[in-house]
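Heads up: the structure comes next, in structure tokens.
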Amino acid sequence: MLHTNGHKQPLDVSRVGGKAHDLARHLRDSIVGQDEAINPIVQMYQTHLVGLTAGGRPIATFLFLGPTGTGKTRIVEATAEALLGNPGAVIKIDCGEFQHSHEIAKLIGSPPGYIGHRESLPRLCQETLDKHHTESVKISIVLFDEIEKASDALWNLLLGILDKGTLTLGDNQRVDFSRSLIFMTSNLGATEMNAMLSSRLGFAPTVDSHKDDRLGERIKASGVEAARRRFTPEFMNRIDKIVVFKPLGDAELEKIFGIELNTVQRRLFQSTPSCALELHVSEAGKRYLLQEGTDTRYGARHLKRAIDRLLVQPLANLIATEQVRDGDVISVDFCSASGELLFWKESSKPPRQEEVAATGTDEAAHILDANVAQPVWTTASQTQVAPV
Ligand SMILES: Nc1ncnc2c1ncn2[C@@H]1O[C@H](COP(=O)(O)OP(=O)(O)O)[C@@H](O)[C@H]1O
Ligand SMILES: [Mg+2]
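Using our numbering, you'd call the opening residue of the sequence shown number 1 and step up by one each time.
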């Protein structure tokens, strides 16, 4: 509650400015169930925008822990999307690729005179760091993925970046990280977290960390504990925010399913010249896809695979064989008798001559009745040989 008292004016410290607000909105629209990660990103960005970030360090450094497929990488892409207009505007270093110290030369280059010097640009030079900057946004987004796999040499390099915001290359040039958001991810502790979620009787998870606060807290503590065991205090102390991503429950998966379905629709629009290939999935169809895509061990990864296999791939075949085209509406329903998805076309345009010719006369008459729905494919799993 706010009170006015004489000439003192009450202030609201929870509000953020327009740009930070836009980032928050984009992240909330894209990322489900991980607000604990969204809030510090928005706050650090806000602090940077007004110039209150402590100098000589990156804008912010984050460590994301938690099980696979829960949005650790996706939130970094979504940040790039919001700030730089492109989800691919992330400088990503897979630490697993640099497990051996000699491989570090790929990142920082070799000293002058060594073999390989100047053969190619080091992966972490200033040019690469700045290459996604836009007219108005000069921020670099750097992701060190799976840091538990990093070699000692990579650790030392990382410590320098986190502490001083600079990196010295093989040829002694300095790379400035003071306008970078640094994200680090690790699956550390994920096995213990999944074990907490598994029922005592079998493997099927019966509990939901999004609904059970105490379980959520225990999972968080186990993640941070695993990181403290594995990483040195020196490293842990240089991180601005450690976030343990929660395993996704049914409600979260359902929301992500909605986001992914919209993405498929957007791609369909983009695939046609007048953006008019529409997709309608029935409630039963959605339930089936969601059920096929639910496996808490793999989070939303499994869901995306199910959507690809059962929806996107059949749609690709329908487009390639010209069974559907711009202006059509594709309906997808679940057939309980066959246990599979059925695809239908509701066409608003008269079919082309070839389509009429390819169909028997009785059906041809039927097909010319433009608004009658026609089955265009029997099931999603019976792949037929396509002429294209
Ligand atoms: N919390 C989430 N909100 C929205 N989408 C998600 C979420 N978690 C996972 N996804 C979806 O699943 C995919 C894989 O997730 P990802 O972020 O790569 O997992 P990881 O946590 O292993 O890095 C993402 O590209 C995204 O489409
Ligand atoms: Mg990842």
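For every residue, glycine included, the Cβ atom is placed at its ideal position computed from N, Cα and C.
Please read all numbers here as calculations on a predicted model, not as lab measurements.
Item, Value
"Identity of the residue in Gln46, Ala316 and Asn172 nearest Leu277 by Cα", "Ala316"
"Burial state of Ala365 (16 or more Cβ within 10 Å)", "Since pLDDT at Ala365 reaches only 36, below the 50 mark, its modelled position is unreliable, and the value read off the structure follows with that caveat. With fewer than 16 Cβ atoms within 10 Å of its Cβ, Ala365 is classed as exposed."
"Segment contact flag, the stretch 94 to 113 with the stretch 163 to 172, C-beta cutoff 8 Å, min 3 pairs", "yes"
"Contact set for Leu261: own chain, Cβ-Cβ below 6 Å, skip 5 residues either direction", "none"
"Identified DSSP bridge partners for Arg174", "Thr168"
"Backbone CA spacing between Asp22 and Ile319 [nearest angstrom]", "36 Å"
"Contact set for Ala82: own chain, Cβ-Cβ below 8 Å, skip 5 residues either direction", "Asp22, Leu23, His26 and Leu27"
"Gly249 versus Pro273: straight-line alpha-carbon distance, rounded", "38 Å"
"Among His302, Arg15, Ile31 and Arg57, the one whose alpha carbon lies nearest that of Ile239", "Arg57"
"Status (buried if at least 16 other CB within 10 Å, exposed otherwise) for Arg200", "Caution applies to Arg200, whose pLDDT of 39 falls short of 50 and renders its modelled position unreliable; the value that the coordinates give is listed next. Burial call: exposed."
"Any residue whose CB is nearer than 6 Å to a heavy atom belonging to ligand 4, listed in chain order", "Only ligand 1 and ligand 2 can be found as ligands here, which leaves ligand 4 out of the picture."
"Per DSSP, cross-strand counterpart(s) of Lys255", "Lys255 is not bridged to any residue."
"Residue-level contact to chain B via CB, Leu107, 8 Å cutoff", "In the structure shown, chain B does not exist; there is a single protein chain."
"In chain order, each alpha helix (DSSP H) run of at least 4 residues that lies wholly inside the stretch 209 to 289", "213 to 230, 233 to 236 and 250 to 271"
"As assigned by DSSP and simplified to three states, the class of Val42", "helix"
"Beta bridge counterpart(s) of Leu342 as assigned by DSSP", "Asp333"
"Whole-angstrom distance between Gly17 and Leu11, CA atom to CA atom", "14 Å"
"Stretch pair the stretch 216 to 236 + the stretch 123 to 134: three plus CB contacts closer than 8 Å", "no"
"Cα-Cα separation between Gly55 and Ala195, rounded to whole angstroms", "42 Å"
"The stretch 155 to 168 in contact with the stretch 30 to 45 per 3-pair CB rule at 8 Å", "no"
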